[in-house]
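Shown next, in structure tokens, is the structure this report addresses.
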Amino acid sequence: MPTRPLTQLTLALLKPDLTANSLKVKEVFSHIQQNDFNIVAQRRLLWSKNEAEAFYGEHRGRFFFERLCGYMTRY
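Here's what the structure looks like:
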């Protein structure tokens, strides 16, 4: 029985200033699809500060950590 090749998945996060502009979001989605990526799931969410800190936890203690978490939760 032949084996199927593994599918590679990529997580894309659109930053808050971009998502504030629906035309820019459409451009990004179009660009993704034009480059042979398939969008298999999508979700719009607003992160809490705790969620952003958990996601970016590997950067905790770095000079930009607080600014990054604040930026990703401001909208």
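To get this note's numbering, take the position in the sequence shown, counting from 1, and add 842.
All C-beta atoms in this analysis are idealised placements derived from N, C-alpha and C, irrespective of residue type, glycine included.
As the structure is a prediction and not an experimental result, all values here were calculated from the model.
**Buried or exposed (CB count within 10 angstroms, at least 16 for buried), M843** = By the neighbour-count criterion, in which 16 or more other beta carbons inside 10 Å mark a residue as buried, M843 falls on the exposed side.
**Prompt:** Do P858 and Y913 have their CB atoms nearer than 8 angstroms?
**Reply:** Closer than 8 angstroms, so yes.
**Item:** Simplified DSSP state of V870, which is helix, strand or coil
**Value:** V870 falls in the helix class under three-state DSSP.
**For Q876 and A854, the rounded distance between their alpha carbons** = For the pair A854 and Q876, the Cα-to-Cα distance works out to about 15 angstroms.
**Prompt:** Taking just the CA atoms, how far does K891 sit from C911?
**Reply:** In this structure, the straight-line span from the alpha carbon of C911 to that of K891 is close to 6 angstroms.
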